[in-house]
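Report on one structure; see the data block that follows.
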Amino acid sequence: MFRSFRWIILIGTLVFFSHFLLQSTHKRRLVLLGWPNCLASELLELFEKEFDCQVIYSLFESNEEMYTRIKNGGIGYDMVFCSSYFIELMQDQGLLRRLNHKKIPNISYIDRDYLTCSPDPDMIYSIPQIIGILGIGFDKGKCPNRPDSWFVFSRWSHFKKRMTLLNDPKDTLGTALLALGYKHNTTDPYQVETAKKLLLQWKENIALFSNEPYMGLESGEFVLSQAYLGEILKTQNTNKAIDFLIPKEGSMITFDNLALLKSSAQEDLALSFIDFILRPENVARNIAIHFGFIPHTGLNLYLKPEFLQTFRKHYLNVIERNKSPVVTWLKESEGLYLSAWEEVRSSN
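The sequence shown maps to residues 1442 to 1789 in this note's numbering.
Here it is, written out as structure tokens:
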């Protein structure tokens, strides 16, 4: 009798803990695929707590890596945070789900004046999270003149191996094209070839291709770098000698957007996440991490006016000099850029 009672207790205990484990393993899970340092980790924790779910943030280092993961099955991913020209590609291939704006009330905070040149101005498939403004970051104390042209990478040989370019075909070939007076999204093979030759000249003077140029500027290792405004603003926190400008030949703007994958089984949770990170206080938290610009009208209470004015000034500067400044997906012509970039990267 006692042995039977013990078995009843044991079975009851196992049933209880099995139920508990089942409940915890069946907690809703949201899986994001995105860049490093783009979302404040505290926001992920706050969202998990408020919505009783688990958030997994999987990182990638390039748009190409992200795209390969999704194309090769990508089962389990719910959302992707990447450059807008890859949003265009995935939209064309039917990999994205249209956003239900009724479930994202905070979308009303997005300043549509900044979306006129966006590949998705009506936010049908994606929400802008960072607007990047490309230019040159430089050390005012070491540069005798302001580097107001992209040609500094070939002309300023006295700073040989103390300059850097970004490790990205769109950014580097695009600026070489602009320097030559061409459109950065050209599909003309001759123009891309000419830009490649100029980029090979620039390569002789640079220390390396790097997507983290602010680190070398901050330490004094580098004197000037092709960089995004947000990176330079972050660097200025520790080195006030670092400045930023848009070269006279013009520049480019990039949108990093958040999109919902068609394969997601958590549409409602994903839309709740978008709405959550669009709350003004949460947008401010993210900006404190990446120093990028988010076109959001509710930030006046959270950010200094000078910060917002700096972005607006440079944004309008780029628009004025380049009427179509946004990097776009060029479909069949993408191969032109990739081939030219491979030649540049593999050259000695």
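Idealized CB from N, CA, C, for every residue including glycine.
Straight-line Cα distance separating residue j from residue i
i               : j                  : result
lysine 1681     : aspartate 1519     : 41 Å
isoleucine 1694 : phenylalanine 1734 : 11 Å
alanine 1620    : glutamate 1659     : 26 Å
methionine 1656 : lysine 1675        : 10 Å
tryptophan 1591 : leucine 1641       : 14 Å
leucine 1744    : lysine 1638        : 43 Å
leucine 1686    : isoleucine 1565    : 33 Å
aspartate 1580  : glutamine 1750     : 22 Å
glutamate 1710  : aspartate 1563     : The amino acid at residue 1710 is misidentified as glutamate; the sequence shows leucine. Rounded to the nearest angstrom, the two C-alpha atoms are 22 Å apart.
lysine 1602     : phenylalanine 1717 : 44 Å
tyrosine 1550   : asparagine 1678    : 28 Å
arginine 1753   : glycine 1739       : 15 Å
proline 1721    : histidine 1737     : 8 Å
asparagine 1741 : tyrosine 1756      : 18 Å
glutamate 1708  : phenylalanine 1748 : 34 Å
aspartate 1589  : glutamate 1483     : 39 Å
proline 1546    : leucine 1540       : 12 Å
leucine 1556    : isoleucine 1574    : 14 Å
aspartate 1561  : asparagine 1608    : 25 Å
aspartate 1493  : cysteine 1558      : 38 Å
alanine 1725    : isoleucine 1511    : 30 Å
tryptophan 1643 : proline 1746       : 37 Å
arginine 1587   : leucine 1618       : 21 Å
Exposure label - residue i; buried when at least 16 CB within 10 Å
i               : result
serine 1465     : Caution is warranted here: a pLDDT of 48 is assigned to serine 1465, below 50, making its placement in the model unreliable, and the coordinate value is therefore given only provisionally. Serine 1465 is exposed by the Cβ-count criterion.
glycine 1691    : buried
tyrosine 1631   : exposed
leucine 1463    : Annotation note: pLDDT 44 at leucine 1463 (below 50); position unreliable, no value reported.
serine 1788     : exposed
alanine 1729    : exposed
serine 1705     : buried
leucine 1779    : exposed
aspartate 1612  : buried
proline 1766    : buried
serine 1499     : exposed
aspartate 1684  : buried
isoleucine 1516 : exposed
isoleucine 1571 : buried
glycine 1776    : exposed
threonine 1509  : exposed
threonine 1616  : buried
glycine 1514    : exposed
proline 1654    : buried
glycine 1582    : exposed
Sequence-distant residues of its chain with Cβ nearer than 8 Å to residue i (five each side left out)
i               : result
methionine 1604 : Val1593, Phe1594, Trp1597, Asn1646, Ile1647, Ala1648, Phe1663, Val1664, Leu1665 and Ser1666
arginine 1786   : Phe1650
leucine 1480    : Leu1473, Tyr1498, Phe1522, Ile1718, Asn1727 and Ile1730
lysine 1468     : Asp1493, Cys1494 and Gln1495
glutamate 1634  : Ala1781
Beta-carbon proximity list for residue i, same chain, < 6 Å, skipping 5 on both sides
i               : result
tyrosine 1526   : Val1768, Thr1769 and Trp1770
isoleucine 1548 : His1542
glycine 1475    : Phe1522
leucine 1606    : Thr1613, Ile1647, Phe1650 and Gln1667
arginine 1762   : Gly1691
Spatially closest choice to residue i from the options, by CA coordinates
i               : options                               : result
lysine 1772     : Leu1621, Leu1471, Glu1529 and Leu1670 : Glu1529
glutamate 1784  : Arg1553, Pro1610, Phe1717 and Ser1503 : Pro1610
leucine 1471    : Pro1477, Leu1485, Asn1478 and Leu1480 : Leu1485
isoleucine 1715 : Lys1544, Cys1494 and Leu1777          : Lys1544
proline 1569    : Arg1762, Phe1696 and Phe1748          : Phe1696
leucine 1719    : Leu1474, Phe1488, Asn1478 and Trp1476 : Phe1488
alanine 1636    : Ala1781, Lys1512 and Pro1721          : Ala1781
glutamate 1502  : Arg1587, Asn1478 and Tyr1756          : Asn1478
serine 1713     : Glu1483, Leu1742, Ser1482 and Val1496 : Val1496
valine 1759     : Lys1689, Val1633 and Arg1469          : Lys1689
lysine 1506     : Asn1723, Ser1524 and Arg1469          : A quick correction: the sequence has glutamate, not lysine, at residue 1506. Per the Cα distances, Ser1524.
proline 1585    : Phe1600, Leu1575, Gly1576 and Ile1574 : Phe1600
asparagine 1504 : Gly1661, Phe1732 and Asn1652          : Asn1652
Residue i CB to nearest heavy atom of the ligand ADP below 7 Å
i           : result
valine 1785 : Among the components of this structure there are no ligands whatsoever, and the ligand ADP is therefore not found.
Own chain residues within Cβ distance below 7 Å of residue i, not counting five before or after
i              : result
glutamine 1532 : Tyr1566
serine 1774    : Thr1628
aspartate 1552 : Pro1736, His1737 and Thr1738
Looking at C-beta atoms only, is the number of pairs between the region 1608 to 1626 and the region 1671 to 1679 that lie closer than 8 Å three or more? Contact between the region 1608 to 1626 and the region 1671 to 1679 is absent, because fewer than three Cβ pairs lie under 8 Å.
The region 1699 to 1714 in contact with the region 1533 to 1542 per 3-pair CB rule at 8 Å: yes
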